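Asks:
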Amino acid sequence: MRDLTPDERQEMRWQLRTIAIGWAQRLEEPELDARRRADPEPSHPERMRTHLARMTVGEQMRSLLADLVSASAEEAVQYGAGYPELGAAVGASRQAARKRWANLPVAKRRAAEWKQPPGGMGWAAEVTLKYPGPGGGA
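Take -11 as the starting number for the sequence shown in the working numbering and just add one per residue.
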């Protein structure tokens, strides 16, 4: 997947801004209507409240987007993604992805897929090392 171009980032920023403004107005609508009837030009405190409402909505949007990213990571793992792919999707390293989504069953699933060495897990225990020289048996 490619990165957004600067124009696409700007377009997305404006779309998110429009959504945040809409939700902020929706959440403060009864108060806003009463104030606007009294004075059509918003005062400094009213403008401050409007921007604080947008901040509140923006933080709620950030939380919802983080939940969406985590849910997508879980689903991607179900379809075979590992930490390298998860990290690449969010512009992070494999290690950062492992730290961020430590609760995902990526490692267990991947470990089960690894091929076992010849003779199974215990094959190395059957080898006896002998050193050359006196008493080494070589």
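Note that the Cβ used here is the ideal one computed from N, Cα and C, for glycine as well. As the structure is a prediction and not an experimental result, all values here were calculated from the model.
1. Which of helix, strand or coil does DSSP assign to residue 67?
2. Under a three-way DSSP split, which group does residue 11 fall into?
3. What residue from 41, 69, 84 has the CA that sits closest to residue 11's CA?
4. Should residue 53 be labelled buried (16 or more other beta-carbon atoms within 10 Å of its own) or exposed?
5. Using a 10 Å radius around the Cβ and a threshold of 16 neighbouring Cβ atoms, would you call residue 59 buried or exposed?
6. Using 8 Å as the Cβ pair cut-off and three pairs as the minimum, do the region 54 to 74 and the region 83 to 95 touch?
7. Applying the 10 Å Cβ sphere with the 16-neighbour rule, what's the burial state of residue 68?
8. Can you check whether the CB of residue 7 is closer than 9 Å to the CB of residue 49?
9. CA-CA distance, residue 81 and residue 30?
10. How about residue 75 and residue 66: are their beta carbons less than 9 Å apart?
11. Where does residue 78 sit, in a helix, a strand or coil, going by DSSP?
Replies: Reading from the atomic positions:
1. If DSSP states are grouped into helix, strand and coil, residue 67 belongs with coil.
2. helix
3. 41
4. exposed
5. Under this definition residue 59 is an exposed residue.
6. yes
7. exposed
8. yes
9. 47 Å
10. no
11. coil
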